[in-house]
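Asks: If you scroll down you'll find the structure; I have some questions about it.
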Amino acid sequence: MRKVLALAVATLPALAYAQSTPTSAQGDVSLTIYNNDLALVQDVRQMTLPNGRTRQEFPDVSAAIRPETVTLNAGGTGIVEQNFDYDLLTPQKLMDKAVGQTVTVVRTNPATGAETRESATILANNGGTVVRIGDRIEVLNQYGARVIFPSLPAGLRARPTLSVTLDTTTPGARPVSLSYLSRGFGWKADYVALFDEAAGKIDVQGWITLNNNSGTTFGQAKVLLVAGAVGQENNGYNQNYRPQRQVMPGNRPGTQTANRESLGDFYVYPIAGRTTVANAQQKQVSFLDVAGAPATKAYHFRNGWLQNQTEPQSADTVLRFSTSREAGLGDALPAGTVRVYMRDARGQPQFIGENTIDHTPMGSALALKTGEAFDVKVQPMLEKRDRIDSGEWERTARYRVTTPGKAATEVTVESEKVFWRTTMTYKVTNAKATPVTVEVVQGGLDNSWHDTRVPSESIKGEQRSADERAWQVPVPANGETTLTVQFDSRY
Numbered sequence: 024m025r026k027v028l029a030l031a032v033a034t035l036p037a038l039a040y041a042q043s044t045p046t047s048a049q050g051d052v053s054l055t056i057y058n059n060d061l062a063l064v065q066d067v068r069q070m071t072l073p074n075g076r077t078r079q080e081f082p083d084v085s086a087a088i089r090p091e092t093v094t095l096n097a098g099g100t101g102i103v104e105q106n107f108d109y110d111l112l113t114p115q116k117l118m119d120k121a122v123g124q125t126v127t128v129v130r131t132n133p134a135t136g137a138e139t140r141e142s143a144t145i146l147a148n149n150g151g152t153v154v155r156i157g158d159r160i161e162v163l164n165q166y167g168a169r170v171i172f173p174s175l176p177a178g179l180r181a182r183p184t185l186s187v188t189l190d191t192t193t194p195g196a197r198p199v200s201l202s203y204l205s206r207g208f209g210w211k212a213d214y215v216a217l218f219d220e221a222a223g224k225i226d227v228q229g230w231i232t233l234n235n236n237s238g239t240t241f242g243q244a245k246v247l248l249v250a251g252a253v254g255q256e257n258n259g260y261n262q263n264y265r266p267q268r269q270v271m272p273g274n275r276p277g278t279q280t281a282n283r284e285s286l287g288d289f290y291v292y293p294i295a296g297r298t299t300v301a302n303a304q305q306k307q308v309s310f311l312d313v314a315g316a317p318a319t320k321a322y323h324f325r326n327g328w329l330q331n332q333t334e335p336q337s338a339d340t341v342l343r344f345s346t347s348r349e350a351g352l353g354d355a356l357p358a359g360t361v362r363v364y365m366r367d368a369r370g371q372p373q374f375i376g377e378n379t380i381d382h383t384p385m386g387s388a389l390a391l392k393t394g395e396a397f398d399v400k401v402q403p404m405l406e407k408r409d410r411i412d413s414g415e416w417e418r419t420a421r422y423r424v425t426t427p428g429k430a431a432t433e434v435t436v437e438s439e440k441v442f443w444r445t446t447m448t449y450k451v452t453n454a455k456a457t458p459v460t461v462e463v464v465q466g467g468l469d470n471s472w473h474d475t476r477v478p479s480e481s482i483k484g485e486q487r488s489a490d491e492r493a494w495q496v497p498v499p500a501n502g503e504t505t506l507t508v509q510f511d512s513r514y
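So for the sequence shown, my numbering puts the first residue at 24; every next one is plus one.
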């Protein structure tokens, strides 16, 4: 009996299609998955190759394969040609390919259950299937029907398939190693941190979240995860894009080597044992579990140049800890999101904020903003700006001027002798029952041509850079502290 394909055409534009999932043709699969939408697939299949030139098919490759990266290794065999057939069998594609062909339309009487069959020619399949039945034209998606196809149209594949023309000089059974790069894969790290403020400790669990959107399932695969952004061709978008985060003072890269396998300049995180990486699946695997690492909470507030606030602003809450071997997590951390929890009065962990980290070497110091403080406020106020004379700041600039046909001349330009003295106050309040220290940072100092000076300050500050100066402001419980600073600048 001739085999036929049946397709149900629903009363909606979408087409219903049922197909059993065949056994995978993959062999011994290894996946090396990178952070930035890329994986290396290595698939060793046992095959029997005849002598001479033959066409061999490799079903169940990734639907997001990069065909130009395919390599095939089979002893005594050379590659003549390779093709990737990615026109996969779907109800829509089946209808598209059948335009101009004759099919059988089957309708069922809902009252009696009786079936009627008519031959039809498919005229078009654009937003609906248009057919000619005898001397009339019908749009099938306006009526319930089943469409029976006499055969599978050429060029459609049930599974992503790589076809390769081989020239074999030594026939027989052998392992054939297929490797290629594929898009549609990615992974990231997620961290769950439980912070005990009273003890000054933090417990951290690290989870790898793996995604497969390649269109293909890889069963019982050996999986390696590579932390780092490998270079790729741009292809119209930034492969190495990373979301921007607010960076807190106190972040410092480490200089310790982690006790992990490395690959070039990247760290490798293998998944123990074999695992099935299913298509359209998100999988999580634990890779870090540390208890009792030292951690502290801090408060931070940064003010822009000449910025005056009419209302107090919340200070940022910052969690600080280390990845060092001696006094920290003792590992290199892949980029990901850190979610922080604290126990409430009943002992239940409650979420208090999250932030992202970049790939972080072991031995690094981390400072993560977790939120904004309810009880700790800062109000920066511009008290006054006075125009002052400062002869000691007089500067000159010499320019060498050249004119064609004439000797070069030197021109001297004197700078202004008039500057500005700015008086700022920062009122820091604390409604907590315990004292706190707030790091207040004044930014924008570099906007005044590096000439900013601090002739007076009520609390000794630290010049962090040409652009920033910071003060550690102690605030008593249920109290306030006012920091007063004068700046002399050209602007």
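Here a beta-carbon is modelled for each residue, glycine too, at the ideal position from N, C-alpha and C.
1) Would DSSP call Asp367 helix, strand or coil?
2) From which residue to which residue does the alpha helix (DSSP H) around Pro114 run?
3) Can you tell me the Cα-Cα spacing of Gln509 and Met404, whole angstroms?
4) Ser345 and Ser309 - do their beta-carbons sit closer together than 8 Å?
5) Going by C-alpha to C-alpha distance, which of Ile225, Glu104, Val463 sits closest to Val215?
6) So which of Phe442, Val399, Lys392 has the shortest CA-CA distance to Ile411?
7) DSSP beta-bridge partners for Ala147?
8) If you check the beta carbons only, do Glu503 and Lys450 fall under 8 Å apart?
9) Starting from Leu247, follow its DSSP beta bridges and name the residues at the other end.
10) Do you know offhand how far Gln228's Cα is from Val313's?
11) For Gln267, which residues from the same chain have a beta carbon less than 6 Å from its beta carbon, with the 5 sequence-adjacent residues on both sides left out?
12) Is any non-hydrogen atom of the ligand SAM found closer than 7 Å to the C-beta of Glu91, if you look at the structure I gave you?
13) Got a sec, what are the start and stop residues for the beta strand (DSSP E) Leu201 sits in?
14) Rounded to the nearest angstrom, what separates Asp367 and Gly238 at their Cα positions?
15) Roughly how many angstroms separate the alpha carbons of Ile156 and Ile171, rounded to a whole number?
16) Quick check on this structure: which residue in Leu201, Pro293, Thr393 has the alpha carbon closest to the alpha carbon of Phe81?
17) Among the residues of its own chain, which have a CB less than 6 Å from the CB of Arg408, if the five just before and after it don't count?
18) Who are the near neighbours of Arg297 in its chain, counting only those whose CB is closer than 7 Å to its CB and skipping five residues on each side?
19) In this structure, does DSSP put Pro403 in helix, strand or coil?
20) Taking only the alpha-carbon atoms, compute the straight-line gap between Thr44 and Glu284 and give it to the nearest angstrom.
21) In three-state DSSP terms, what is Thr393?
22) What three-state label does DSSP hand Glu491 in the structure shown?
23) Terminal residues of the continuous beta strand (DSSP E) containing Gly505?
24) Only counting the same chain, and skipping five residues up and downstream in sequence, which positions put a Cβ closer than 8 Å to that of Phe289?
25) Which whole-angstrom value describes the C-beta separation of Arg78 and Ser186, a residue pair presumed to lie in contact below a C-beta threshold of 8 Å?
26) Determine the closest residue to Ala496 out of Ala489, Gly484, Asp490, with distance taken between C-alpha atoms.
27) Quick check on Leu329: does DSSP put it in helix, strand or coil?
28) Reducing DSSP to helix, strand and coil, say where Leu311 ends up.
29) Quick one: is Ala212 buried, meaning 16 or more other Cβ sit within 10 Å of its Cβ, or exposed?
30) When you compare the CB of Pro403 with every CB in chain D, is at least one pair closer than 8 Å?
31) Using DSSP with H/G/I as helix, E/B as strand and the rest coil, what is Glu334?
32) What did DSSP end up calling Thr346 once you bin it into helix, strand or coil?
33) With C-beta atoms as the reference, is Ile88 less than 8 Å away from Leu95?
34) Note the first and the last residue of the continuous beta strand (DSSP E) segment covering Lys224.
35) Mind checking whether Leu189 and Ile56 have CB atoms under 8 Å apart?
36) For Ala355, which of Gly376, Thr278, Thr333 has the nearest alpha-carbon?
Replies: If we stick to the structure as given:
1) In the structure shown, the three-state DSSP call for Asp367 is coil.
2) Where Pro114 is concerned, the enclosing alpha helix (DSSP H) starts and stops at 114-120.
3) Cα to Cα, the separation comes out at about 12 Å.
4) In this structure, Ser309 lies away from Ser345, with their beta-carbon atoms at least 8 Å apart.
5) Distance from the Cα of Val215 is smallest, within the candidate group Ile225, Glu104, Val463, for Ile225.
6) Nearest option by C-alpha distance: Phe442.
7) According to DSSP, residue pairing for Ala147 in a beta bridge involves Val153.
8) In this structure, Glu503 sits near Lys450, with a CB-CB distance shorter than 8 Å.
9) Per DSSP, Thr55, Pro293.
10) Approximately 6 Å between the Cα atoms of the pair.
11) A caution first: Gln267 carries a pLDDT of 48, below 50, which makes its placement in the model unreliable, though a value can still be read off. Excluding residues within five positions, none has a Cβ falling inside 6 Å.
12) The ligand SAM is not part of this structure, which contains no ligands at all.
13) 195-205 is the span of the beta strand (DSSP E), which, as asked, contains Leu201.
14) Whole-angstrom Cα-Cα distance: 44 Å.
15) Computed Cα separation, rounded: 14 Å.
16) Out of Leu201, Pro293, Thr393, the CA that lies nearest to the CA of Phe81 is found in Leu201.
17) Once the five neighbours on either side are set aside, the close Cβ partners of Arg408 are Trp443, Thr445.
18) Apart from sequence neighbours up to five positions away, the residues of its chain that approach Arg297 with a beta-carbon distance below 7 Å are Gln243, Ala244, Lys245, ordered along the chain.
19) In the structure shown, Pro403 sits in a strand (DSSP, three-state: E or B).
20) With a pLDDT of 42 at Thr44, under the threshold of 50, the predicted position of this residue should be treated as unreliable, though the coordinate-derived value follows. Cα to Cα, the separation comes out at about 37 Å.
21) Strand at Thr393.
22) Three-state DSSP puts Glu491 in coil, outside helix and strand.
23) Before going on, a small fix: residue 505 reads as Thr here, not Gly. Per DSSP, Thr505 is one residue of the beta strand (DSSP E) stretching across 502-512.
24) Answer for Phe289: Val249, Ala250, Gly251, Val253, listed in chain order.
25) The C-beta distance from Arg78 to Ser186 rounds to 6 Å, short enough to fall under 8 Å.
26) Reading off the sequence shown, one finds Val at residue 496, where the question assumed Ala. From the listed residues Ala489, Gly484, Asp490, the smallest Cα separation to Val496 is found for Gly484.
27) Coil, per DSSP.
28) In this structure, Leu311 counts as strand in the three-state DSSP scheme.
29) Counting the other Cβ atoms within 10 Å of the Cβ of Ala212 gives 16 or more, which makes it buried.
30) Absence of chain D from the displayed structure is noted, only one protein chain being present.
31) In the three-state reduction of the DSSP assignment, Glu334 falls in the coil class.
32) Under the three-state reduction of DSSP output, Thr346 falls in the coil class, being neither helix nor strand.
33) No Cβ-Cβ contact shorter than 8 Å links Ile88 with Leu95.
34) Where Lys224 is concerned, the enclosing beta strand (DSSP E) stretches over 224-235.
35) Going by C-beta atoms, Leu189 is not nearer than 8 Å to Ile56.
36) The shortest Cα separation from Ala355 among Gly376, Thr278, Thr333 belongs to Thr278.
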